[in-house]
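Engineer: Going by this note's numbering, the residue at position 295 of the sequence shown is 691; the numbering climbs one at a time, nothing skipped.
Backbone N, C-alpha and C fix where the C-beta goes; we use that ideal spot for every residue, glycine too.
It should be emphasised that the depicted structure is a prediction, and the values quoted were computed from it without experimental measurement.
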Amino acid sequence: MPLGLLKYGLRPRRPPDRFLPPRPELKRAYDTVIIGGGGHGLAAAYYLAVDHGITDVAVLDKGYLGGGNTGRNTAIVRANYLTEDGVRFYAESLDLWRGLSGELDFNLQYSERGHLTLAHADSAIRTMRWRAEVNKHLGVDSELIFPDEIARLVPGLDLSSDVRHPVLAALYHPPGATARHDAVVWAYAARAAARGVELHSDTEVTGIEVEGGRVTGVETSRGTISCNRVLQAVAGQSSLVSGMAGFRLPIHTVPLQACVSLPLKPWLDPIVVSGSLHVYIWQSARGEVVIGGATDPYGLYANRSTLEFAEGTLLPVLELFPFLANVKMLRQWAGMCDMTPDFSPVMGVTPVENLYIDAGWGTWGFKATPVCGKRMAELIATGRTPDLLQPFRLSRFAEFEQVGEKGAASVGH
Ligand code: PYC
């Protein structure tokens, strides 16, 4: 670390440019088009350029960069999944996250604070013990802890036994972290653009051109582009975009809402989740308490906020932290989650040759940003599906090889 600091201090240009270049003219042809200028699309563009030297790339977004789910999630990073495939995948993501501020030379405010999933019943303790064992087996730090230890980690948590859902234990995952989600977008975008990748906001894809089973271009609100390869990375809109290419996804889309309070003095270090109470909570560097709950119980393409969410989520927050009773809420918002039947994402090839997909993230796409970007870039560049992505292929549904991760959700479904 001191050597890194010294090198940084002696660099001729520091800090590197944080700003993004103005939007260029749209060319008529690119090697690769990425639909979706969120964290995933931009990360894929960055790794295509850096790892594979592919820079004739246009990233298209119908709005502004990071205006979709990347700017709407609650910024949690963890790897404490249930299946071996899930744990391996997110463990690689954790490794990448840890070095990412340094690699991108951008302060992503990556903050390792620990993650607790509360158990309120014996059955939950059993699942958490199972998760802890799978995690440890694969080198991911997770363990079951009990009220004494929970009280030490989470001051203010009501651990009384005479409440509706007493806290009996928790799955503790020390590497659980948060990162500044917008900064992730800006960093990947700036570093990809510096290598020649073109960033086209306000450029809506309205059609995908397929000839002889192979993708040949995309139609956009600014004209048609031909290309050799396309990646769709459009969380919340995945079925709509794949529909343009003529294939269907086993995905339904539901809103997920969240809110933040006015700033409070720092009191909560870890992220605290109760799947049974449908609530999760952490405190940001600005002091705001970030709160989320369950997905809305109906399919909808809308980013609106509802009073039902506020009432239904804040009540269990007060069961866990009664002292928050008079705290004012500052802001409430929603994103759209593409849910798959097994609660795992879809990454890989599609029925259309050279059209690749990154979709189906449900309620946990943000934490996968670096690993998904890196491994999708590898697939696009080499044409070979990396082992880490193989379990998440689209064809797994037809092959009855699902990767069941519902039990690892932080969010109620
Ligand atoms: O999977 O950790 C998670 C999560 C937190 C909020 C939404 N998803």
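Would you mind listing the beta strand (DSSP E) stretches within the stretch 469–531 that are 3+ residues and don't spill past its ends, in chain order?
Structural biologist: Qualifying beta strand (DSSP E) stretches, in chain order: 511–515.
Engineer: How many angstroms separate the CA atom of residue 671 from the CA atom of residue 688?
Structural biologist: Within the sequence shown, the letter at position 275 stands for residue 671. Within the sequence shown, the letter at position 292 stands for residue 688. One C-alpha to the other measures close to 11 Å.
Engineer: What residue range is occupied by the uninterrupted beta strand (DSSP E) comprising residue 454?
Structural biologist: For the purposes of this step, residue 454 is taken as residue 58 along the sequence shown, with counting starting at 1. That run of the beta strand (DSSP E) goes 453–456.
Engineer: Say yes only if the C-beta of residue 765 is nearer than 7 Å to one or more non-hydrogen atoms of ligand 1, and no if none qualify.
Structural biologist: Numbered from 1 along the sequence shown, position 369 holds the residue referred to as residue 765. Residue 765: no, Cβ never under 7 Å from ligand 1.
Engineer: Where does residue 537 fall in DSSP's three states?
Structural biologist: Counting from 1 along the sequence shown, the entry for residue 537 is found at position 141. If DSSP states are grouped into helix, strand and coil, residue 537 belongs with coil.
Engineer: Determine the closest residue to residue 788 out of 753, 778 and 803, with distance taken between C-alpha atoms.
Structural biologist: As a working note, residue 788 is residue 392 in the sequence shown. Considering only alpha carbons, the answer is 753.
Engineer: Quick one: Cα of residue 589 to Cα of residue 417, how far?
Structural biologist: As a working note, residue 589 is residue 193 in the sequence shown. As a working note, residue 417 is residue 21 in the sequence shown. Answer to the nearest angstrom: the Cα atoms are 7 Å apart.
Engineer: Would the stretch 591–607 count as touching the stretch 557–577 if we require 3 or more Cβ pairs under 8 Å?
Structural biologist: Output reads no: the stretch 557–577 does not touch the stretch 591–607.
Engineer: Which residue's Cα is closest to the Cα of residue 515: 426, 779, 676 and 705?
Structural biologist: Looking up residue 515 in the sequence shown gives position 119. Nearest option by C-alpha distance: 676.
Engineer: Pull up the DSSP beta-bridge partners for residue 622, would you.
Structural biologist: The residue labelled residue 622 in the question sits at position 226 within the sequence shown. 425 and 613, per the DSSP bridge assignment.
Engineer: With contact counted as at least three CB pairs below 8 Å, one residue from each stretch, are the stretch 742–752 and the stretch 763–780 in contact?
Structural biologist: Counting Cβ pairs under 8 Å, three or more are found: they touch.
Engineer: Could you name the residues, in chain order, whose CB is less than 6 Å away from a heavy atom belonging to ligand 1?
Structural biologist: Going along the chain, the residues that qualify are 470, 472, 474, 676, 688, 759, 760, 806 and 807.
Engineer: Going by beta carbon distance, what residues of the same chain come within less than 6 Å of residue 524, once the five residues before and after it are set aside?
Structural biologist: On the sequence shown, residue 524 is found 128 positions in, with the first residue counted as 1. Excluding residues within five positions, the ones whose Cβ falls inside 6 Å are 515, 540 and 567.
Engineer: Taking Cβ positions, are residue 629 and residue 431 nearer each other than 8 Å?
Structural biologist: Counting from one through the sequence shown, the residue named residue 629 turns up at place 233. Counting from one through the sequence shown, the residue named residue 431 turns up at place 35. Result yes, Cβ atoms of residue 629 and residue 431 sit closer than 8 Å.
Engineer: Can you name, in chain order, every residue of its own chain whose Cβ lies under 7 Å from the Cβ of residue 448, other than the five neighbours on each side?
Structural biologist: Stepping through the sequence shown from its first residue, residue 448 is reached at position 52. Closer than 7 Å at Cβ, skipping near neighbours: 773 and 777.
Engineer: Who are the near neighbours of residue 547 in its chain, counting only those whose CB is closer than 8 Å to its CB and skipping five residues on each side?
Structural biologist: Numbered from its first residue, the sequence shown carries residue 547 at position 151. So the qualifying residues of the chain are 553 and 555.
Engineer: Span of the alpha helix (DSSP H) holding residue 450?
Structural biologist: Within the sequence shown, numbered from 1, the residue matching residue 450 stands at position 54. Premise fails: residue 450 is in no alpha helix (DSSP H) and is neither H nor E.
Engineer: Residues in the same chain with beta-carbon distance under 7 Å from residue 738, minus the five sequence neighbours each way, listed in chain order, please.
Structural biologist: Position 342 of the sequence shown, counted from the start, is the residue given in the question as residue 738. Once the five neighbours on either side are set aside, the close Cβ partners of residue 738 are 798, 799, 800 and 801.
Engineer: Evaluate the contact criterion for the stretch 630–641 versus the stretch 424–439: three or more CB pairs, one atom per stretch, below 8 Å.
Structural biologist: Cβ pair count under 8 Å is three or more, so yes.
Engineer: From the DSSP output, in three-state form, read off residue 544 for me.
Structural biologist: Residue numbering aside, residue 544 sits at position 148 when the sequence shown is read from its first letter. The answer is helix: DSSP assigns residue 544 an H, G or I state.
Engineer: Would you identify the three-state DSSP class for residue 559, choosing helix, strand or coil?
Structural biologist: Counting from one through the sequence shown, the residue named residue 559 turns up at place 163. Three-state result, residue 559: coil.
Engineer: Do residue 595 and residue 755 count as a contact pair if the criterion is CB distance below 8 Å?
Structural biologist: Reading the sequence shown from its first residue, position 359 is the one you call residue 755. Reading the sequence shown from its first residue, position 199 is the one you call residue 595. In this structure, residue 595 does not lie closer than 8 Å to residue 755 by Cβ.
Engineer: Which residues share a DSSP beta bridge with residue 814?
Structural biologist: Here the chain covers residues 397 to 809 and nothing more, so residue 814 does not appear.
Engineer: I need the boundaries of the beta strand (DSSP E) containing residue 678, first residue and last residue.
Structural biologist: As a position in the sequence shown, residue 678 is number 282, starting the count at 1. Run containing residue 678: 675–679, per the beta strand (DSSP E) assignment.
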